[in-house]
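Chains as they are written, first to last, in our numbering: chain F, 2 to 46; chain V, 3 to 141.
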């Protein structure tokens, strides 16, 4: 099929960018949950 | 869209980019979006941040209809509308388009849910820090 490489490159670009962003957001969520837990422990809630 | 559009454009048009109405207005929209995200990180006061961000987003939203209608008003490198604009779309491509729409909406739902959870946790952290300050507890 013509231009299949370009199609694959476009799909790859989208999924790589999406995966990287998902990973960064997951890490930020984990850090925030840890911070919430730490603050609750300090306040003995 | 700017990246995948360029990947599509190279084999079809023979160029990665051109400064036509649709592409330029889309690029401007992307710059406005980056500015909005920067604005939200640069203002510390939550209330002022909310007001300034809201005003900026209203201003930035004026570019959206311009992006959409740019291919109606200007005859440029970008193709004319293939759906609802008198153009023709291969039925097989329409199926592919629908699948891509559903996949993109799924990605949107996942990202929206995660961003909502992140903002809720940030709010909770702020409330707990306020409570700790009120009690005089060391953080």
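Glycine residues also receive a C-beta, built at the ideal position from the N, C-alpha and C atoms.
Given the structure is predicted, the values throughout are model-derived calculations rather than measurements.
Inter-residue Cα distance where the pair is residue i and residue j
{"i": "residue 68(V)", "j": "residue 40(V)", "result": "23 Å"}
{"i": "residue 70(V)", "j": "residue 8(V)", "result": "18 Å"}
{"i": "residue 22(V)", "j": "residue 98(V)", "result": "27 Å"}
{"i": "residue 33(F)", "j": "residue 127(V)", "result": "8 Å"}
{"i": "residue 13(V)", "j": "residue 32(V)", "result": "24 Å"}
{"i": "residue 16(V)", "j": "residue 48(V)", "result": "48 Å"}
{"i": "residue 116(V)", "j": "residue 24(F)", "result": "11 Å"}
{"i": "residue 135(V)", "j": "residue 102(V)", "result": "49 Å"}
{"i": "residue 11(F)", "j": "residue 77(V)", "result": "26 Å"}
{"i": "residue 43(F)", "j": "residue 129(V)", "result": "14 Å"}
Residue i burial status per 10 Å Cβ neighbour count (16 or more: buried)
{"i": "residue 39(F)", "result": "exposed"}
{"i": "residue 137(V)", "result": "exposed"}
Nearest to residue i (by Cα), restricted to the options the options
{"i": "residue 29(F)", "options": "119(V), 6(V), 93(V)", "result": "119(V)"}
{"i": "residue 26(V)", "options": "37(V), 73(V), 123(V)", "result": "73(V)"}
{"i": "residue 62(V)", "options": "105(V), 111(V), 113(V), 29(V)", "result": "29(V)"}
{"i": "residue 75(V)", "options": "4(V), 114(V), 100(V), 24(V)", "result": "24(V)"}
Start and end residues, alpha helix (DSSP H) containing residue i
{"i": "residue 41(F)", "result": "5-44"}
{"i": "residue 5(V)", "result": "4-15"}
{"i": "residue 136(V)", "result": "93-137"}
{"i": "residue 28(V)", "result": "23-44"}
{"i": "residue 50(V)", "result": "48-63"}
> If contact means a Cβ-Cβ distance below 8 Å, which residues of the segment 128-139 of chain V contact chain F?
Replying inline: 130, 131, 133, 134, 137, 139
>> Tell me which residues of the segment 2-13 of chain F have at least one Cβ-Cβ distance to chain V shorter than 7 Å, keeping chain order.
In response: Those would be 4, 7, 10, 11, in chain order.
> Using a beta-carbon distance cut-off of less than 8 Å, what residues from the segment 32-44 of chain F approach chain V?
Replying inline: 33, 34, 36, 37, 40, 41, 43, 44
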